[in-house]
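Remarks on the structure that follows.
Number of protein chains: 4
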Amino acid sequence: MRLLFIGDIVGRAGRLALTDTLPDLRRAWRLDCVVVNGENAAGGFGITEAIFGDFLAAGADCVTLGNHAFDQREALSFITHQPRLVRPANFPPGAPGRGAALIETAAGARVLVINLMGRLFMDALDDPFAVGEREIAACPLGEACDAAIVDFHAEATSEKQGFAHFVDGRVSLVVGTHTHVPTADYQILPQGTAYQSDAGMTGDYDSVIGMEKEEPLRRFVTKLPGNRLEPAAGPATLCGLAVETDARGHAVKVAPVRIGGRLSQAGPEFWEGS
Amino acid sequence: MRLLFIGDIVGRAGRLALTDTLPDLRRAWRLDCVVVNGENAAGGFGITEAIFGDFLAAGADCVTLGNHAFDQREALSFITHQPRLVRPANFPPGAPGRGAALIETAAGARVLVINLMGRLFMDALDDPFAVGEREIAACPLGEACDAAIVDFHAEATSEKQGFAHFVDGRVSLVVGTHTHVPTADYQILPQGTAYQSDAGMTGDYDSVIGMEKEEPLRRFVTKLPGNRLEPAAGPATLCGLAVETDARGHAVKVAPVRIGGRLSQAGPEFWEGS
Amino acid sequence: MRLLFIGDIVGRAGRLALTDTLPDLRRAWRLDCVVVNGENAAGGFGITEAIFGDFLAAGADCVTLGNHAFDQREALSFITHQPRLVRPANFPPGAPGRGAALIETAAGARVLVINLMGRLFMDALDDPFAVGEREIAACPLGEACDAAIVDFHAEATSEKQGFAHFVDGRVSLVVGTHTHVPTADYQILPQGTAYQSDAGMTGDYDSVIGMEKEEPLRRFVTKLPGNRLEPAAGPATLCGLAVETDARGHAVKVAPVRIGGRLSQAGPEFWEGS
Amino acid sequence: MRLLFIGDIVGRAGRLALTDTLPDLRRAWRLDCVVVNGENAAGGFGITEAIFGDFLAAGADCVTLGNHAFDQREALSFITHQPRLVRPANFPPGAPGRGAALIETAAGARVLVINLMGRLFMDALDDPFAVGEREIAACPLGEACDAAIVDFHAEATSEKQGFAHFVDGRVSLVVGTHTHVPTADYQILPQGTAYQSDAGMTGDYDSVIGMEKEEPLRRFVTKLPGNRLEPAAGPATLCGLAVETDARGHAVKVAPVRIGGRLSQAGPEFWEGS
Ligand SMILES: [Fe+2]
Ligand SMILES: [Fe+2]
Ligand SMILES: [Fe+2]
Ligand SMILES: [Fe+2]
Ligand SMILES: [Fe+2]
Ligand SMILES: [Fe+2]
Ligand SMILES: [Fe+2]
Ligand SMILES: [Fe+2]
Numbered sequence: 000m001r002l003l004f005i006g007d008i009v010g011r012a013g014r015l016a017l018t019d020t021l022p023d024l025r026r027a028w029r030l031d032c033v034v035v036n037g038e039n040a041a042g043g044f045g046i047t048e049a050i051f052g053d054f055l056a057a058g059a060d061c062v063t064l065g066n067h068a069f070d071q072r073e074a075l076s077f078i079t080h081q082p083r084l085v086r087p088a089n090f091p092p093g094a095p096g097r098g099a100a101l102i103e104t105a106a107g108a109r110v111l112v113i114n115l116m117g118r119l120f121m122d123a124l125d126d127p128f129a130v131g132e133r134e135i136a137a138c139p140l141g142e143a144c145d146a147a148i149v150d151f152h153a154e155a156t157s158e159k160q161g162f163a164h165f166v167d168g169r170v171s172l173v174v175g176t177h178t179h180v181p182t183a184d185y186q187i188l189p190q191g192t193a194y195q196s197d198a199g200m201t202g203d204y205d206s207v208i209g210m211e212k213e214e215p216l217r218r219f220v221t222k223l224p225g226n227r228l229e230p231a232a233g234p235a236t237l238c239g240l241a242v243e244t245d246a247r248g249h250a251v252k253v254a255p256v257r258i259g260g261r262l263s264q265a266g267p268e269f270w271e272g273s
Numbered sequence: 000m001r002l003l004f005i006g007d008i009v010g011r012a013g014r015l016a017l018t019d020t021l022p023d024l025r026r027a028w029r030l031d032c033v034v035v036n037g038e039n040a041a042g043g044f045g046i047t048e049a050i051f052g053d054f055l056a057a058g059a060d061c062v063t064l065g066n067h068a069f070d071q072r073e074a075l076s077f078i079t080h081q082p083r084l085v086r087p088a089n090f091p092p093g094a095p096g097r098g099a100a101l102i103e104t105a106a107g108a109r110v111l112v113i114n115l116m117g118r119l120f121m122d123a124l125d126d127p128f129a130v131g132e133r134e135i136a137a138c139p140l141g142e143a144c145d146a147a148i149v150d151f152h153a154e155a156t157s158e159k160q161g162f163a164h165f166v167d168g169r170v171s172l173v174v175g176t177h178t179h180v181p182t183a184d185y186q187i188l189p190q191g192t193a194y195q196s197d198a199g200m201t202g203d204y205d206s207v208i209g210m211e212k213e214e215p216l217r218r219f220v221t222k223l224p225g226n227r228l229e230p231a232a233g234p235a236t237l238c239g240l241a242v243e244t245d246a247r248g249h250a251v252k253v254a255p256v257r258i259g260g261r262l263s264q265a266g267p268e269f270w271e272g273s
Numbered sequence: 000m001r002l003l004f005i006g007d008i009v010g011r012a013g014r015l016a017l018t019d020t021l022p023d024l025r026r027a028w029r030l031d032c033v034v035v036n037g038e039n040a041a042g043g044f045g046i047t048e049a050i051f052g053d054f055l056a057a058g059a060d061c062v063t064l065g066n067h068a069f070d071q072r073e074a075l076s077f078i079t080h081q082p083r084l085v086r087p088a089n090f091p092p093g094a095p096g097r098g099a100a101l102i103e104t105a106a107g108a109r110v111l112v113i114n115l116m117g118r119l120f121m122d123a124l125d126d127p128f129a130v131g132e133r134e135i136a137a138c139p140l141g142e143a144c145d146a147a148i149v150d151f152h153a154e155a156t157s158e159k160q161g162f163a164h165f166v167d168g169r170v171s172l173v174v175g176t177h178t179h180v181p182t183a184d185y186q187i188l189p190q191g192t193a194y195q196s197d198a199g200m201t202g203d204y205d206s207v208i209g210m211e212k213e214e215p216l217r218r219f220v221t222k223l224p225g226n227r228l229e230p231a232a233g234p235a236t237l238c239g240l241a242v243e244t245d246a247r248g249h250a251v252k253v254a255p256v257r258i259g260g261r262l263s264q265a266g267p268e269f270w271e272g273s
Numbered sequence: 000m001r002l003l004f005i006g007d008i009v010g011r012a013g014r015l016a017l018t019d020t021l022p023d024l025r026r027a028w029r030l031d032c033v034v035v036n037g038e039n040a041a042g043g044f045g046i047t048e049a050i051f052g053d054f055l056a057a058g059a060d061c062v063t064l065g066n067h068a069f070d071q072r073e074a075l076s077f078i079t080h081q082p083r084l085v086r087p088a089n090f091p092p093g094a095p096g097r098g099a100a101l102i103e104t105a106a107g108a109r110v111l112v113i114n115l116m117g118r119l120f121m122d123a124l125d126d127p128f129a130v131g132e133r134e135i136a137a138c139p140l141g142e143a144c145d146a147a148i149v150d151f152h153a154e155a156t157s158e159k160q161g162f163a164h165f166v167d168g169r170v171s172l173v174v175g176t177h178t179h180v181p182t183a184d185y186q187i188l189p190q191g192t193a194y195q196s197d198a199g200m201t202g203d204y205d206s207v208i209g210m211e212k213e214e215p216l217r218r219f220v221t222k223l224p225g226n227r228l229e230p231a232a233g234p235a236t237l238c239g240l241a242v243e244t245d246a247r248g249h250a251v252k253v254a255p256v257r258i259g260g261r262l263s264q265a266g267p268e269f270w271e272g273s
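Chains as they are written, first to last, in numbering that gives the first Met the number 0: chain A, 0 to 273; chain B, 0 to 273; chain C, 0 to 273; chain D, 0 to 273.
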């Protein structure tokens, strides 16, 4: 199966990069399933139902979130009737929405998507290792699903790598989000799980993690409050990860995706011209 | 000028990757200056004088450090007579050693090397923005030095990017260290400073940030103390950044370096066969 | 019922204050149940079985712990056969020992003791609100127990107060530990739970949280590693909280206890000469 | 000299406790100098010029701040012409306002007031140890001032105690603020500095650190965003510390002050009927 994961869409520039690019990618790469992290889609903070709809229309099968999941309060309600919008599964029981989705592809395959949030240097949700274990056990790879993607939204590389090894061989992909910078450590772990510490944001990389740089810079230097943070408006780089899985749901190919904007360009050569 | 920066050397596997590879690189790429982060060189924690000597012998001109600078206590004393060993400049005044070094290359050029530590999610040293400003002002690019490299040792991408924009055009390179994962956001910022959020460690990437994965994994899952952390012993990937500067000390070319081990391989094509 | 809670015993000075004083207090105040936090009893770090035995011999009915619970590795094993040694209940499932104990007093009353750890500014265990809820529901006050004591081991006053209001009326006492400083906010909350943000340590208050002050001070000033931390050896103040409960297990009287050492002295006047 | 320090005034309830009580205290205790922490005076967040004026009118000689110093943006400007409003001295150079004030009492004595912010578990300002050292050296006790008060606004007890020992004998009082809970560890340190880890807030103690408890509690339990935080409106306890100094500026007497509201009442008996 051909899976594409796209990292945190930041603001208008990020949304445009997604909606302009994804329809073509979907076709060109004959993608089976596309997952997009949307926690910063609305002005950098959260997501609205309209934006969520745009993402589906552009070709996303599922949208994941993170610590900014509910910055737009409407998400607290519309998430309840949008099964393809997934917030971290380790919110306390009773949180609106769900932490996992089982997507059926056009070809009839089933892709499990799990969103988890790390706890190092972040507000602590429930244990992502225990919750991840439970979610995976509830829908075993190769039995109840044909592929499984974990968006592990976290700050610390140690926690991301720790989790990936913890589930190695039991999901198709563990990909980090939240730092808004793509890492270059994509690999297939020993038991068959594709991994990259961070997918990187889809946003303008002449910025401070996607936001206009003047205000963050001023805060670092002066430690004084100032103006609101605004998403940077320059051309965005769409960042993500392309993964091909085998019949057991293990990753057999993995490649970074970086399209447009300031970063070096990258894509899955193994799918080009295929 | 041709500059090479190599990220945190972790344990024996990392040291071997460096000493096996650097002499050839130095020759093949006709490097003018090589800077290596050595904060995890001794069993993952700090650096000894013997190891420091090995790094110089292998072709390093300067070794930078970070939060693990003095994990090996001998570093508190031998750093005082090793001007090429640089610890974060934003330690409080009076700390042993120095936070910057001015390296003279074989061709007679002068390269300023500054080490700084971020404060987000880390034990707070002095303000890295103010200290960085002061160090740069004391040795202006294009006047008192021909190139300038800042190793910004930090956890948060926001702080790294903020600092890089803060000094854009005033140093040749700002490269992050500490997360032990190479990022894929290398670029030349608008005013001429090359940037990458993290150089990545030089160590075994089948690990948790360079350490054998069993113990960190056990700690994440059980929250119980256990055994010592040991560096992973598999083949290491040497990770870093190659930068070419112009007469004013601005970056004109930048490329990631990843050699050996599990990660995808990369290098400065612009220097190949040159 | 008459309950006494005593805060973190730090090192030898703290242990002596406990063993010298508690037998008399137990008699003089005709105490029904005594709970002691012992996480720093062994040289400031953890607890040994010998020390635990000394505490029981001196008159403790139950010993609670915290983030230092297993600093002495022997605690990982002896806790399994010591039902009166209680570690935070919100360790992940499978941790050795237990997070709650039901103590039977000499008069045949049952006292539930729960230990929980906060998550703000601390390594994150499981949700203390959810786990606390579960422990209380499993042994309801006035039904399955006659009094209930929660040692909420945490850094932030907001989390301590939040938890106390969360269980107000459902336990007899919520008392904080971990900051090693007694607070002066003891009160009975609207629904009948006695509360104090921190019991304070039992240790030498001419110190930095119970440890010899030179080394911590040096670290604050120089940010350099140095010598081991050693418990301060001056006369300790035994710090704690005295609570009297009614037939339903609600608190009707509460008073701070501070005996010996440098702090102002305090005790439950309502029990004096009784 | 007779000094009174009053901790973080929280919202309307806290302001009323101050303005209703202070004029009488000032007279009854024949106070020479009154310092009030006002960082939460305006609805829990920051301070306005009108409120600052009310505090002076009620008898405050100086108002200190903390991490909420500039939550009300007008403080960024009016602080520049209000020499009795003091923000943490360890803001980066160039911050509006000042970090210390020299107050002349009615009797012609000079009281130095310094505000500092800790860095453990807080956004890092400059080194409070170094900045504190500098401020004290600039106005030595017994030479350039007759008494000196440090409001050390910080989370961690270790940092507060460390700082107090660092300046012991060189200031009259180090008193902590920020946790919004009074501690019961007041004492005179070996070299003559009065100390208490936290003065406590002046606010309603049936709350979560002064704010209506429902919303904080909901956030702890659900981890979901909700409504604004509002100051609790019940009767406030005025919390602080009373200190008497000798001719050299050393503390000779110290006592906690708790007036009104839910907490146990306390005051300087040594000044009663004097
Ligand atoms: Fe994000
Ligand atoms: Fe995030
Ligand atoms: Fe490192
Ligand atoms: Fe580091
Ligand atoms: Fe403790
Ligand atoms: Fe503790
Ligand atoms: Fe405050
Ligand atoms: Fe504060």
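Each residue gets a CB set at the ideal place from its N, CA and C atoms; glycine is no exception.
Along the region 113 to 125 of chain B, going in chain order, the ones with a CB nearer than 7 Å to a CB of chain D are 118, 123 and 125.
Within the region 152 to 240 of chain A, the runs of beta strand (DSSP E) at least 3 residues long that lie entirely inside it are, in chain order, 172 to 176 and 193 to 195.
Unbroken alpha helix (DSSP H) stretches of 4 residues or longer found wholly inside the region 22 to 70 of chain D: 48 to 57, given in chain order.
Excluding residues up to 5 positions away in sequence, 32, 102 and 146 lie with their Cβ nearer than 6 Å to the Cβ of residue 110(B) in the same chain.
Remark: the shortest separation between the CB of residue 89(D) and any heavy atom of ligand 8 does not fall under 8 Å.
For residue 94(D), the residues of chain A that pass the 8 Å Cβ criterion are 221, 222 and 223, in the order they occur in the chain. Sequence-distant partners of residue 180(D) (beyond 5 residues in either direction) whose C-beta falls short of 7 Å from its own C-beta, in its chain, are 197 and 199. Taking 9 Å as the cut-off, the beta carbon of residue 234(C) is found no closer than this to the beta carbon of residue 28(C). With a cut-off of 8 Å, the C-beta of residue 36(B) is classified as near ligand 3, since at least one heavy atom of the ligand falls inside that distance. The C-alpha of residue 105(C) lies about 49 Å from the C-alpha of residue 120(B).
Take the alpha-carbon of residue 14(A) and the one of residue 263(A): they are about 20 Å apart.
Listed along chain C, the residues sitting closer than 9 Å to residue 90(B) by beta-carbon distance are 221, 222 and 223. Across the structure, residue 162(A) and residue 240(A) are spaced so that their CA atoms are roughly 18 Å apart.
Annotation: Cβ neighbours of residue 128(A) in chain B (cutoff 8 Å, chain order): 219 and 220. The secondary-structure analysis by DSSP pairs residue 144(D) across a beta bridge with 140(D).
Remark: the C-beta of residue 7(D) is in contact range of ligand 8, defined as less than 8 Å to any heavy atom. Boundaries cannot be given for residue 268(C), as no beta strand (DSSP E) includes it and DSSP labels it neither H nor E. DSSP places residue 255(B) in the strand class (E or B) of the three-state scheme. Residue-level contact check: residue 111(C) does not touch chain B, since none of the beta carbons of chain B fall below 9 Å from its beta carbon. The beta carbon of residue 165(A) sits closer than 7 Å to the beta carbons of 128 from its chain, once the five residues preceding and following it are set aside; these are given in chain order.
In this structure, residue 87(B) places its C-beta atom within 9 Å of the C-beta atom of residue 116(B). Judged by pairs of C-beta atoms under 8 Å, the region 170 to 187 of chain A touches the region 148 to 158 of chain A, as three or more such pairs exist.
DSSP places residue 111(B) inside the beta strand (DSSP E), whose first and last residues are 109 to 116.
Only 162, 164 and 165 from the region 162 to 176 of chain A bring a Cβ to less than 8 Å from some Cβ of chain B. Interface flag for residue 8(D) against chain C is unset, since no Cβ pair is found closer than 9 Å. Judged by DSSP in its simplified three-state form, residue 106(D) adopts coil rather than helix or strand. Sequence-distant Cβ neighbours of residue 158(B) in its own chain, meaning closer than 6 Å and more than five residues away, are 117 and 119.
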